[in-house]
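Residue numbers (the working numbering): 298 to 621. First up is the structure itself, then whatever we jot down about it.
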């Protein structure tokens, strides 16, 4: 099986390995990342909501590739000697590369069991679990800055029967600088939008109550790979029951970045290779000033009654009192 996997691995071209530097972790059953676009919501009301979204595509300046190594053996000494030999021979050659750092991570060291058949006369076969040896797992972490070096690492490691590329992490030293740049761009755009709204409505929001919210999302390439099976299925009209033995279909991976169609501005819009993507959104909710309707003061009217005796009385809807 290892020989077969190595044959498949060596067929891969350099450009394919760089472009698909996500690792075999993506071959697991995975859910699609539908909610990878930033969206800040205010409670629903009658406020005016002004929003600006930004996207930045950042090329990584450092990478960390993780390779998994598994070794089995009859004794603990045999297992340790064999795995150390494979790892040491690989790292001695990898460390000669420029700008490369390595680290070996201990994962697990467990006994391995197998079943031994015991057959007795007039009884069914009995399968007894027996110790068979030990299994040791370690991970090799390789930090590098030139993405083309990944092919060289794979070639070196495969010579020592290390094939399992778990994943590749991407890093950038400019994330904070890009975030500040995005915040400044969003500030200018949202001020322009507010000004346009004021002109359209013919009013000012200077004294209006305002609420603000903003947030960032960072998407790394390992999250953004999709898979599909490329094949054309066939249909059979079988009259009788039959056994159907389907073949395993090849699973293909591809890098799917966040599209820039929903954003007000994009920094570095053209994406050629997997990149780190930063999304920024800021929202301002403006409570419009309600115009107060002034009601005219009601003037109380008085009615004066002259009695037969010549006395004057003031009449109103409630009471009447005489004027002396």
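The beta carbon of each residue, even a glycine, is placed where N, CA and C say it ideally should be.
Using only the alpha-carbon positions, how far apart do residue i and residue j sit?
| i | j | result |
| --- | --- | --- |
| residue 385 | residue 541 | 48 Å |
| residue 265 | residue 483 | In the structure as shown, the chain begins at 298 and stops at 621. Residue 265 is therefore absent and cannot be evaluated. |
| residue 326 | residue 519 | Residue placement at residue 326 is flagged as unreliable, the pLDDT there being 48, under the threshold of 50; a coordinate-derived value is accordingly withheld. |
| residue 358 | residue 440 | 11 Å |
| residue 569 | residue 554 | 10 Å |
| residue 510 | residue 343 | 17 Å |
| residue 345 | residue 491 | 10 Å |
| residue 404 | residue 338 | 42 Å |
| residue 396 | residue 442 | 7 Å |
| residue 495 | residue 485 | 16 Å |
| residue 505 | residue 480 | 23 Å |
| residue 469 | residue 549 | 28 Å |
| residue 329 | residue 370 | Reliability of the predicted coordinates at residue 329 is poor, the pLDDT of 46 falling under 50, and the value obtained from them is presented with this limitation in mind. Rounded to whole angstroms, residue 329 to residue 370 spans 40 Å at the Cα level. |
| residue 410 | residue 463 | 26 Å |
| residue 414 | residue 572 | 55 Å |
| residue 379 | residue 455 | 15 Å |
| residue 428 | residue 461 | 27 Å |
| residue 382 | residue 421 | 45 Å |
| residue 444 | residue 356 | 11 Å |
| residue 593 | residue 489 | Unreliable positioning characterises residue 593 in this predicted model, as indicated by a pLDDT of 46, which lies under 50. The coordinate reading is nonetheless provided below. Cα to Cα, the separation comes out at about 40 Å. |
| residue 545 | residue 527 | 11 Å |
| residue 604 | residue 585 | 59 Å |
| residue 517 | residue 368 | 31 Å |
| residue 557 | residue 352 | 7 Å |
| residue 601 | residue 583 | 55 Å |
| residue 477 | residue 493 | 25 Å |
| residue 467 | residue 512 | 21 Å |
| residue 559 | residue 457 | 47 Å |
| residue 543 | residue 412 | 31 Å |
| residue 316 | residue 423 | The predicted model places residue 316 with a pLDDT of 40, which falls under 50 and marks its position as unreliable; any figure quoted below should be read in that light. About 52 Å. |
Just to confirm before moving on: does the CB-CB distance between residue i and residue j stay below 8 Å?
| i | j | result |
| --- | --- | --- |
| residue 391 | residue 335 | no |
| residue 577 | residue 465 | no |
| residue 574 | residue 354 | yes |
| residue 581 | residue 407 | no |
| residue 387 | residue 459 | yes |
| residue 471 | residue 431 | no |
| residue 579 | residue 514 | no |
| residue 561 | residue 376 | no |
| residue 552 | residue 522 | yes |
| residue 446 | residue 507 | no |
Determine which residues share a DSSP beta bridge with residue i and list them.
| i | result |
| --- | --- |
| residue 439 | 362 and 399 |
| residue 523 | 551 |
| residue 556 | Residue 556 pairs with nothing; no bridge assigned. |
| residue 355 | 573 |
| residue 368 | 433 |
| residue 583 | 345 and 507 |
| residue 455 | Residue 455 pairs with nothing; no bridge assigned. |
| residue 407 | 432 |
| residue 516 | 574 |
| residue 268 | What the structure shows of the chain is the stretch from 298 to 621, and residue 268 is not part of that stretch, so it cannot be assessed. |
| residue 464 | 363 |
| residue 450 | Note: residue 450 sits in no beta bridge, so no partner. |
| residue 563 | 352 |
Can residue i be considered in contact with the ligand GTP, in the sense that its beta carbon sits closer than 7 Å to one or more heavy atoms?
| i | result |
| --- | --- |
| residue 516 | By its list of ligands, the structure shown contains no ligand whatsoever, and the ligand GTP lies outside what it can speak to. |
Does the beta carbon of residue i sit closer than 8 Å to a beta carbon anywhere in chain C?
| i | result |
| --- | --- |
| residue 451 | Absent from the structure: chain C. Only one protein chain is present. |
Taking one C-beta from the region 561 to 578 and one from the region 492 to 507 each time, how about it: are there three or more such pairs within less than 8 Å? By the Cβ test, the region 561 to 578 is not in contact with the region 492 to 507, since fewer than three Cβ pairs between them sit closer than 8 Å.
Between the region 430 to 438 and the region 395 to 405, do three or more beta carbon pairs fall short of 8 Å? Cβ pair count under 8 Å is three or more, so yes.
At least three beta-carbon pairs within less than 8 Å, the region 362 to 374 to the region 446 to 461: Segment contact: the region 362 to 374 against the region 446 to 461, three or more CB-CB distances shorter than 8 Å; contact assigned.
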